[in-house]
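J.: In our numbering, the protein residues as written are 60 to 242.
Here is the structure:
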C-alpha cells in the first residue's frame, strides 16, 4: 500500500525563510524544512495498481508555470483548541486552477472527491497544549509575514511513511508545468 499526496515542493530560500520563523511556541512540533510543502491533493492509502494509474494520470495535467507568494499565518481548526500552525498564501487563481485540474484527473480514474474545501497552506507545526499567550504572540508577530514571489514550474506526487518521529516524505514523480505552444 502507498500513502500518497500531490504537492508543490518549496524552493530552498523559501524553506529557509520558514525555518527562521519556526520557533517560540512551546508545545509545537515544528516540521523539518524537507517536510515543508504545499499540498494540492491528499490521496491517502492506495494499492499498487491504483498507484500506477495515479502516477500515469497526473502527466495529463496541463498548466502553465506561475508565481506564488506566502502570506500570513494562522491555525486550524478555526475554532477551538488549535492543533496546526500554518503559513498562508497570497490569493492565486493559477494555484486554484492547478488544484481543480488535479482533482478532475484523479476523479476520472475513480478517486472520490476530496471531502474538505481546499484551503491552501503550508503546515509549520503541530500543536499540543501550546500556551495560548505564546501562540497569540506568534500569530501577532508574523501576521504580516510575506515572502517574495517564487516561480512554480512543477508539482510532485509524494509518498508518505508514518514513523514515531513523524511522517517521512519521498517524491515518487515530478510533473512539469509548461508554457503553452503559441502556434
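Yeah, the Cβ is synthetic: ideal placement off N, Cα and C, and Gly gets one too.
Have a look at 140, 229, 197, 208 and flag the residue whose alpha-carbon is nearest the alpha-carbon of residue 79.
T.: On the chain shown, position 20 is the one that residue 79 refers to. Residue 197 is the option with its Cα nearest to residue 79.
J.: Helix, strand or coil for residue 226? Go by DSSP, reduced to three states.
T.: Within the chain shown, numbered from 1, the residue matching residue 226 stands at position 167. Residue 226 falls in the strand class under three-state DSSP.
J.: Quick one: Cα of residue 131 to Cα of residue 199, how far?
T.: Reading the chain shown from its first residue, position 72 is the one you call residue 131. Reading the chain shown from its first residue, position 140 is the one you call residue 199. Spanning the two alpha carbons is a distance of roughly 10 Å.
J.: Taking DSSP's pairing of strands, which residues face residue 181 in a bridge?
T.: Along the chain shown, one-based indexing puts residue 181 at 122. DSSP, once it has assigned bridges, lists 146 as partnering residue 181.
J.: Say the cut is 7 Å; is the CB of residue 213 nearer than that to a heavy atom of the ligand GDP?
T.: The ligand GDP is not among the ligands present in this structure, which contains no ligands whatsoever.
J.: Measure the C-alpha to C-alpha separation of residue 316 and residue 127 and round it to an integer number of angstroms.
T.: The structure shown does not extend to residue 316, since the chain is modelled only from 60 to 242, so the question has no answer here.
J.: Taking the straight line between their C-alpha atoms, what separation do you get for residue 40 and residue 228?
T.: No information on residue 40 is available, as it lies outside the stretch 60 to 242 that the chain covers here.
J.: Which residues in the same chain as residue 232 place their Cβ atom closer than 8 Å to its Cβ, once the five residues preceding and following it in sequence are excluded?
T.: Taking the first residue of the chain shown as position 1, residue 232 is located at position 173. Around residue 232: 114, 117, 215, 216.
J.: May I have the straight-line CA-CA distance separating residue 190 from residue 174, to the nearest angstrom?
T.: In the chain shown, the residue the question calls residue 190 occupies position 131. In the chain shown, the residue the question calls residue 174 occupies position 115. C-alpha separation (whole angstroms): 31 Å.
J.: Could you give the distance in angstroms between the alpha-carbon of residue 193 and the alpha-carbon of residue 169?
T.: The residue given as residue 193 occupies position 134 in the chain shown. The residue given as residue 169 occupies position 110 in the chain shown. Each residue's alpha carbon lies about 44 Å from the other.
J.: When the distance is taken between beta carbons, is residue 86 closer than 8 Å to residue 261?
T.: The structure shown has nothing for residue 261, since the chain only spans 60 to 242.
J.: Assign residue 153 to one of three DSSP states: helix, strand, or coil.
T.: Translated into positions along the chain shown, residue 153 becomes position 94. DSSP places residue 153 in helix when its eight states are reduced to three.
J.: Could you spell out where the beta strand (DSSP E) holding residue 64 opens and where it closes?
T.: Taking the first residue of the chain shown as position 1, residue 64 is located at position 5. 61-68 is the extent of the beta strand (DSSP E) around residue 64.
J.: On a Cα-Cα basis, can you pick out the residue from 68, 109, 164, 203 that is closest to residue 149?
T.: As a first step, residue 149 is located in the chain shown; it is residue number 90 there, counting from the start. When only C-alpha atoms are compared, the closest one is 203.
J.: Quick check: the stretch 93-109 against the stretch 176-187, are at least 3 beta-carbon pairs closer than 8 Å?
T.: Touching, yes.
J.: Throw me the rounded Cβ distance for the residue 63 and residue 105 pair, which I believe falls under 8 Å.
T.: Within the chain shown, residue 63 is the residue found at index 4, counting from 1. Within the chain shown, residue 105 is the residue found at index 46, counting from 1. With a Cβ gap of about 6 Å, residue 63 and residue 105 count as contacting.
J.: Would you report the Cα separation of residue 91 and residue 66, rounded to the nearest angstrom?
T.: The residue you call residue 91 lines up with position 32 of the chain shown. The residue you call residue 66 lines up with position 7 of the chain shown. Roughly 16 Å between the two C-alpha positions.
J.: Closest by CA to residue 205, which one among 68, 61, 72, 238?
T.: The residue given as residue 205 occupies position 146 in the chain shown. It is 72.
J.: Residues bridged to residue 217 by DSSP?
T.: Indexing the chain shown from 1 puts residue 217 at position 158. Paired residues: 64, 230.
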